[in-house]
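Enquirer: In my numbering, the protein residues as written are 1190 to 1532.
Note that the Cβ used here is the ideal one computed from N, Cα and C, for glycine as well.
These figures come from a predicted structure and were not determined experimentally.
First the structure, which I've put down as structure tokens, then a few questions once you've had a look.
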Amino acid sequence: MRETLLGKTPEELKEIVLGLGLPAFAGKQIARWMYVRKVSDIDSMTDISKAGRERLKEACDLGLTVPSGCQVSKDGTKKYLFPLGEGNAVEAVMIPDEDRKTLCVSSQAGCRMGCKFCMTGRQGFHGHLSVAEILSQFLAIDEADGLTNAVFMGMGEPLDNWKAVSRAIEVLTADWGFGWSPKRITLSTIGVLPELKKFLDTTRCHLAVSLHNPFTDERADIMPVQKAWPLEEVVDLIRQYDFTGQRRVSFEYTMFSGLNDDKRHADALLRLLKGLECRVNLIRFHKIPDAPFETSPQFVMENFRDRLSNHGITCTIRASRGEDILAACGMLAGEHRKKTKLD
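Spelled out as structure tokens, the structure:
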């Protein structure tokens, strides 16, 4: 089996090229070709000798996965479909906003967290993405050279695949990699506590926590993770870190009509987050097949936002994007999986 190059550090690449009889400095050359120049094949690495490239191709594979399709919304949002083995696929969504181009990145095929309102979670778990498969979402899309930000908020729970996600973040932020500032990256999680601490200790990236209900029993009804890693413990951990500077923490709150959108929930949220420098993002629920949930009316969301804002918590209603292209995360990949099974 050939070695995958994408996702390797210069030191790891050095060991590979030395084993192939290439000079040690070829490791840095390969890293520059992959992460800076973003080439799609080994033959494009033209400052490596032709004989050296041939040896590389015999022993190694770049590991780049290319999308099999792309849907474009009328608002400019683009959803790319990346096929994986055994009929699986993941999505990467590019969201344009004035001078920003944000990539919403997947880290798993499916998800094992089982949130009842999540299309991805309802598909079950089909495997972790490799570092190469995560980085391919950055490298193999039309906007590869123009991306300004990234959010690990696509399919899967990033902290459930922390080994691969942490290496991807290392590549994105390293001087020898993409050279991004950590401030350009946000990781979204439902609160996998052991890995959340590792993330907070080892990176300076922004954090987004999927909250959705401040009451323990009600959150457990829609998010089984509440029983393993209670929200109160997640917030207690976050309070141990400094979010008063350039690093931010936000709480994602999908609004479900009649379930989590009244004054009682707003006041419980205020108590839970009291004194914490944070933002709450209210999210309209994107309807998914056979789900009993409905999104809250606009005026209800505005009242909820205003109550939080009037009591000192910055709160915004996130604009919906890409609603005309199977916007709910996992829907396009789910269609791909069903079609593959039928074929």
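For Leu1400, tell me which candidate among Leu1385, Cys1394, Glu1421, Thr1391 has the shortest Cα-Cα distance.
Expert: Of Leu1385, Cys1394, Glu1421, Thr1391, the residue nearest in Cα terms is Glu1421.
Enquirer: According to DSSP, Ser1399 sits in a beta bridge with which residue or residues?
Expert: Glu1441
Enquirer: Alpha carbon to alpha carbon, how far is Lys1527 from Gly1252?
Expert: Unreliable positioning characterises Lys1527 in this predicted model, as indicated by a pLDDT of 49, which lies under 50. The coordinate reading is nonetheless provided below. Between Lys1527 and Gly1252, the C-alpha separation is close to 26 Å.
Enquirer: Buried or exposed for Gln1429, please, with buried defined as at least 16 other CB atoms from any protein chain shown within 10 angstroms of its CB.
Expert: Label assigned to Gln1429: exposed.
Enquirer: Mapping the DSSP letters down to three states, classify Tyr1224 as helix, strand or coil.
Expert: For Tyr1224, the secondary structure class from DSSP, reduced to helix, strand or coil, is helix.
Enquirer: Sort out for me which residues DSSP pairs Pro1285 with in a bridge.
Expert: Lys1290
Enquirer: Compare the C-alpha of Pro1419 against each of Phe1432, Thr1405, Ile1411, Ile1427 and name the closest.
Expert: Thr1405
Enquirer: For Thr1529, which residues in the same chain have their Cβ closer than 7 Å to its Cβ, ignoring the five residues on either side in sequence?
Expert: Because Thr1529 sits at a pLDDT of 46, beneath the cut-off of 50, its placement in the model cannot be relied upon, and the point is left open.
Enquirer: If I measure Cβ to Cβ from Phe1367 and keep anything under 7 Å in the same chain, skipping five residues before and after, which residues do I get?
Expert: Tyr1224, Val1360, Leu1361
Enquirer: Assign Pro1347 to one of two classes, buried (16 or more other C-beta atoms within 10 Å of its C-beta) or exposed (fewer than that).
Expert: Around the C-beta of Pro1347, 16 or more other C-beta atoms lie within 10 Å, and the residue is accordingly described as buried.
Enquirer: Determine the extent of the beta strand (DSSP E) in which Asn1470 is found, giving its start and end residues.
Expert: 1468 to 1473
Enquirer: Which whole runs of the alpha helix (DSSP H) in the segment 1317 to 1374 are 4 residues long or more, in chain order?
Expert: Runs of the alpha helix (DSSP H) inside the segment 1317 to 1374: 1320 to 1328, 1351 to 1362.
Enquirer: Mind reading off the beta-carbon distance from Thr1337 to Lys1290? Whole number of angstroms is fine, and I expect it under 8 Å.
Expert: 5 Å
Enquirer: Quick check on the DSSP output: the beta strand (DSSP E) that includes Ile1427 runs from which residue to which?
Expert: Per DSSP, Ile1427 belongs to no beta strand (DSSP E); it is in the alpha helix (DSSP H), 1420 to 1427.
Enquirer: To the nearest angstrom, report how far apart Leu1531 and Ala1333 are at their CA atoms.
Expert: The predicted model places Leu1531 with a pLDDT of 47, which falls under 50 and marks its position as unreliable, so this point remains unresolved.
Enquirer: Within the segment 1240 to 1271, note down every full alpha helix (DSSP H) run reaching 4 residues or more, in order along the chain.
Expert: Segments of the alpha helix (DSSP H) lying fully in the segment 1240 to 1271: there are none.
Enquirer: Under DSSP, the alpha helix (DSSP H) around Ile1231 begins and ends at which residues?
Expert: That residue, Ile1231, is in no alpha helix (DSSP H); it is neither H nor E in DSSP.
Enquirer: For my contact list, Cys1467 and Phe1493 are in at a C-beta cut-off of 8 Å; report their separation, rounded to the angstrom.
Expert: Contact doesn't hold; Cβ gap of about 16 Å is too wide.
Enquirer: By the DSSP assignment, the alpha helix (DSSP H) with Gln1415 in it spans what residues?
Expert: 1414 to 1417
Enquirer: For a test of the three-state rule: what should DSSP assign to Val1279, helix, strand or coil?
Expert: strand
Enquirer: I'd like to check one pair, Phe1474 with Thr1443: are the Cβ atoms closer than 7 Å?
Expert: yes
Enquirer: Would you mind reading off the limits of the beta strand (DSSP E) that contains Ile1506?
Expert: Boundaries of the beta strand (DSSP E) harbouring Ile1506: 1503 to 1506, taken from the DSSP string.
Enquirer: Would you kindly check if the distance between the Cβ of Cys1249 and the Cβ of Glu1192 is under 7 Å?
Expert: yes
Enquirer: Which same chain residues end up closer than 8 Å to Glu1512 when comparing Cβ atoms and leaving out the 5 residues on each side of it in sequence?
Expert: Ser1262, His1475
Enquirer: For Leu1531, name the three-state secondary structure that DSSP assigns.
Expert: Because Leu1531 sits at a pLDDT of 47, beneath the cut-off of 50, its placement in the model cannot be relied upon, and the following sentence gives the value as read from the coordinates. Residue state, collapsed to three classes: helix.
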